[in-house]
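> I'd like to ask you about the structure that follows.
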Amino acid sequence: MKEKVWKSQLPQKRPISRTARCLGPISDIGEHVPPDWWRRVFNSIYLKTDADVVDDQRIIRREVDLFSEILNLSPEDKILDLCCGQGRHSLELARRGFNNVEGLDCSHYLIQKAKTQAKNEGLSIKFREGDARKLIISPDTFDVVMILGNSYGYFETVQDDLRVLREVFRVLKPHGRVLIDVADGEYLRKNFQPRSWEWIDKKHFVCRERSFSIDKQRLLTREVICHTAKGVVVDQFYGERLYTKEGLAEFLKAAGFDSINFHGEIFTDSQRNQDLGMMERRVLTTAVCRKGL
Numbered sequence: 008m009k010e011k012v013w014k015s016q017l018p019q020k021r022p023i024s025r026t027a028r029c030l031g032p033i034s035d036i037g038e039h040v041p042p043d044w045w046r047r048v049f050n051s052i053y054l055k056t057d058a059d060v061v062d063d064q065r066i067i068r069r070e071v072d073l074f075s076e077i078l079n080l081s082p083e084d085k086i087l088d089l090c091c092g093q094g095r096h097s098l099e100l101a102r103r104g105f106n107n108v109e110g111l112d113c114s115h116y117l118i119q120k121a122k123t124q125a126k127n128e129g130l131s132i133k134f135r136e137g138d139a140r141k142l143i144i145s146p147d148t149f150d151v152v153m154i155l156g157n158s159y160g161y162f163e164t165v166q167d168d169l170r171v172l173r174e175v176f177r178v179l180k181p182h183g184r185v186l187i188d189v190a191d192g193e194y195l196r197k198n199f200q201p202r203s204w205e206w207i208d209k210k211h212f213v214c215r216e217r218s219f220s221i222d223k224q225r226l227l228t229r230e231v232i233c234h235t236a237k238g239v240v241v242d243q244f245y246g247e248r249l250y251t252k253e254g255l256a257e258f259l260k261a262a263g264f265d266s267i268n269f270h271g272e273i274f275t276d277s278q279r280n281q282d283l284g285m286m287e288r289r290v291l292t293t294a295v296c297r298k299g300l
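Quick note, the numbering used here runs 7 ahead of the 1-based positions in the sequence shown.
Structure representation (structure tokens):
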């Protein structure tokens, strides 16, 4: 009589690594950019592809030095880091003794990273998920709102971008200040790069294709990330609105702000000569919330 052999006793084949779906050549990047692309792009892969910029402590400290000087921040100021990502600026402010800092972002993954880092360092910061267009925050709450690291202009319509600024105006106290750090749209138009590729690490590389939207107001990007052995990891699309100084000033005025000032530009460097994209050159803008006068 033969002994029964159960399936679990048989040698198991190693699962075959599945590659992500890749579309191949396309004629129009804009057709593939989801309206809510920002819901899915900001994850662990984002931290890998943009690590030179978004996870470099040297750059973070230098930026916080600059922002603190421009805003003349006080440790007593109540500060909202809007669209904070993994909380790199919020965390650095807390390390410097700013104890009234909050961070808000739409990415569950990045907010969890921020919370974990704050806990590991024993920092008292409130991080939460939320939509910048509809903040679950009482009016007149903050002395300062910061939108940093080119985190403005993600939405498909200008109406949604304006909603963000109106929400910022609402949650600021009278005479509160907003600081916006956004890509220099004029520079990016003049220095347009339709294609690029680079190594992320020893096993991953990324290829990018870019184009402008039909109205030339958004920079559209396709990003294909590959593993040397497993093939395509992700084939993703996103689009960001390009603002000039004049255009941003008009939006701030429309949202109710005045005393609009420009404070020069940030030129980001990369330790591995990274394709910096929209982070390469950014404009710093402040405005004041005058209400109830």
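Glycine included, every Cβ here is placed at the ideal spot set by N, Cα and C.
Could you tell me whether the Cβ of Lys223 comes closer than 8 Å to any Cβ of chain D?
Among the chains in the structure shown there is no chain D, since it carries only a single protein chain.
> Inspect the beta-carbon positions of Arg289 and Asp168 and report whether they are closer than 8 Å.
Not in contact: Arg289 and Asp168 (Cβ atoms no closer than 8 Å).
> Does the Cβ of Arg46 have 16 or more other Cβ atoms within 10 Å, making it buried, or fewer, making it exposed?
The residue is exposed, with fewer than 16 neighbouring Cβ atoms inside 10 Å.
> Identify whether Tyr250 lies in helix, strand or coil by the three-state DSSP scheme.
If DSSP states are grouped into helix, strand and coil, Tyr250 belongs with the strands.
> What three-state label does DSSP hand Lys237 in the structure shown?
Note: Lys237 maps to coil in three-state DSSP.
> Does the Cβ of Ile273 have 16 or more other Cβ atoms within 10 Å, making it buried, or fewer, making it exposed?
That one is buried.
> Identify whether Asn50 lies in helix, strand or coil by the three-state DSSP scheme.
Note: Asn50 maps to coil in three-state DSSP.
> Excluding the five sequence neighbours on either side, which residues of its own chain have a C-beta within less than 6 Å of the C-beta of Val175, listed in chain order?
Hits under 6 Å: Val152 and Val185.
> What is the residue span of the beta strand (DSSP E) that Ser266 lies within?
That run of the beta strand (DSSP E) goes Asp265 to Phe274.
> Give a yes or no on whether the C-beta atoms belonging to Phe149 and Leu87 are separated by under 8 Å.
Yes.
> If we ignore side chains and look at the alpha-carbon of each, how far apart do Val213 and Val231 end up?
Straight-line Cα distance between these residues: approximately 6 Å.
> Kindly indicate which three-state DSSP category Ser218 falls into: helix, strand or coil?
Reduced to three states, the DSSP call for Ser218 is strand.
> Using CA coordinates, which residue listed in Phe264, Glu163 and Trp206 is at the minimum distance from Gln224?
Comparing Cα-Cα distances from Gln224 to each of Phe264, Glu163 and Trp206, the minimum goes to Glu163.
> Which whole-angstrom value describes the C-beta separation of Gly5 and Pro181, a residue pair presumed to lie in contact below a C-beta threshold of 8 Å?
One cannot answer for residue 5 here, as it falls past the ends of the chain, which runs 8 to 300.
> Does the distance from the C-beta atom of Val60 to that of Leu100 stay below 8 Å?
No, Cβ-Cβ distance for Val60 and Leu100 is not below 8 Å.
> Within its chain, find whatever has a CB closer than 6 Å to the CB of Ile118; leave out the 5 residues flanking it on each side and keep chain order.
Excluding sequence neighbours, Ile118 sits near Asp112, Phe134 and Glu136.
> Looking only at DSSP bridge pairs, what is Leu171 linked to?
Note that residue 171 is Val in the sequence shown, not Leu. Answer by DSSP bridge pairing: none, since Val171 is not bridged.
> Applying the criterion that 16 or more other CB atoms from any shown protein chain within 10 Å of the CB defines a buried residue, is Phe105 buried or exposed?
So Phe105 counts as buried.
> Candidates Gly156, Ala139 and Arg103: which alpha carbon is nearest Asp62's?
If we check each option's Cα against that of Asp62, Gly156 comes out closest.
> Residues in its own chain within less than 8 Å of Asp138 by CB, not counting five upstream and five downstream?
If we look at Asp138 and ignore the five residues flanking it on each side, its Cβ neighbours are Cys113.
> Could you name each continuous beta strand (DSSP E) segment of 3 residues or more that falls completely within the stretch 30 to 106, going from the start of the chain to the end?
If we require 3 residues or more, the beta strand (DSSP E) runs fully inside the stretch 30 to 106 come out as 86 to 89.
> Please report how far the alpha carbon of Ser203 lies from the alpha carbon of Asp282, in whole angstroms.
Roughly 7 Å between the two C-alpha positions.
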